[in-house]
Amino acid sequence: MLKLVLIVVLLGIAALLFVAGRRPDRFRIERSIRIDAPREKLFTVVSDLRQFDGWSPWAALDPDMRKTYSGASSGVGAAYEWQGNGKVGQGRMEIIDAVEPARVVIKLDFLKPFEAHNTAEYVLVEAKDGTEFTWLMHGPNSFMSKLMSLFFSMDKMVGGQFESGLARLKALAERSKA
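Under the numbering used here, the first residue of the sequence shown carries the number 163, and numbering increases by one thereafter.
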């Protein structure tokens, strides 16, 4: 009987590993919001990493987070490193491309609690009475990420944080418009 239970458990684990291995090799998370502000104004905010905490969904999770800025003051070469509690972890982001006022591309390196190397982008499209602002992140989907995705939706978790950050950016931009 114990042997049968062990075989069933091993087959279950093998099935999970097989299904995880068939998940996509890359992921993409994307959220958008319309903001009643010109994209030039929004570009100025998002291309300056020193302003990130003003709308970041993670800043409030660790008020004691250590931050270091380096490189350019804004735009290509601007960098931001953080080290915080378990909710925000440790990592670094650097603007690697900036096309004013349409797009900012960020190399995003997470070091803790897990290592990952992704790309984040802010895309600003002129819209009626404002800007359609899109925040997206994409990168490789490691085997461990594929396995975890069987139990947790990264799109829901990170996408929810993006939605929170976009709402904060909208409030910040529209409040300062008045």
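The C-beta atom is built at its ideal place from N, Cα and C for all residues, glycine as well.
Small disclaimer: the values here were computed from a predicted structure and weren't measured.
Does DSSP classify Leu270 as helix, strand or coil?
Strand, per DSSP.
List, from N- to C-terminal side, the beta strand (DSSP E) runs of 3 residues or more that fit wholly inside the segment 232-313.
Entirely contained in the segment 232-313, the beta strand (DSSP E) runs reaching 3 residues are, in chain order, 241-245, 252-261, 265-274, 278-289 and 292-302.
Pairing CB atoms from the segment 304-314 with CB atoms from the segment 175-188, are three or more of them under 8 Å?
The segment 304-314 is in contact with the segment 175-188.
Does Arg337 come out as helix, strand or coil in the three-state DSSP assignment?
Helix, per DSSP.
Tell me, to the nearest whole angstrom, how far the beta carbon of Val320 is from that of Ile195; I am working on the premise that it is less than 8 Å.
16 Å between Cβ atoms; not a contact.
I need the boundaries of the beta strand (DSSP E) containing Arg193, first residue and last residue.
Note, Arg193: beta strand (DSSP E), Arg188 to Ile197.
May I have the straight-line CA-CA distance separating His300 from Arg337, to the nearest angstrom?
So the two alpha carbons sit approximately 30 Å from each other.
Does the Cβ-Cβ distance between Ala241 and Gly233 come in under 9 Å?
Yes; because the gap between Cβ atoms is below 9 Å, this pair is in contact.
In three-state terms, what does DSSP make of Arg228?
Arg228 falls in the strand class under three-state DSSP.
Alpha carbon to alpha carbon, how far is Asn247 from Leu223?
Between Asn247 and Leu223, the C-alpha separation is close to 8 Å.
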